[in-house]
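Quick note, the sequence shown lines up with residues 1 to 106 if you use UniProt numbering.
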Amino acid sequence: MAVLVRVIFIYIFESDRTSGDIMFFSCSIATSSTTFTSLMMMYESYLFTLIMPAAVLAYINAELEPDPRYPWITVSWNVGAAIIVTVGGRLADIFGRRWFLLTGAL
1 MAVLVRVIFI YIFESDRTSG DIMFFSCSIA TSSTTFTSLM MMYESYLFTL
51 IMPAAVLAYI NAELEPDPRY PWITVSWNVG AAIIVTVGGR LADIFGRRWF
101 LLTGAL
């Protein structure tokens, strides 16, 4: 959350190099709303890929046959996601982010 606030603060405010004062950086309402919408969508994607499966899995386990080993599903999901993000981020640094964004949009 602190990173989100910092990004918004840097986007809205820009420091004046000569006097050191912070001056308001004018941006259109469309740009501000697009930025806010994209940040909220990133937050929702985080919720639905990492938080929701763990919460829903407890209800599924209770309805079916209770198994004491069901937390391993969530752990393996998160470890797999961490590996994919790490390797994908490094490959995007090497080959360029453009192709990864285009592939991910498909």
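We put the CB at the ideal spot given by N, CA and C, even for glycine.
Everything numeric in this text was worked out from a predicted model, so none of it was measured.
Annotation: the continuous alpha helix (DSSP H) that includes tyrosine 43 extends over 29-46. Following the DSSP letters along the chain, one finds proline 66 in no alpha helix (DSSP H), marked with neither H nor E.
With respect to threonine 74, proline 53 sits close: the two C-beta atoms are nearer than 8 Å.
Going by DSSP, glycine 104 is part of the alpha helix (DSSP H) stretching over 97-105. The residue among Thr37, Ser33, Ser76 with its C-alpha nearest the C-alpha of leucine 57 is Ser76.
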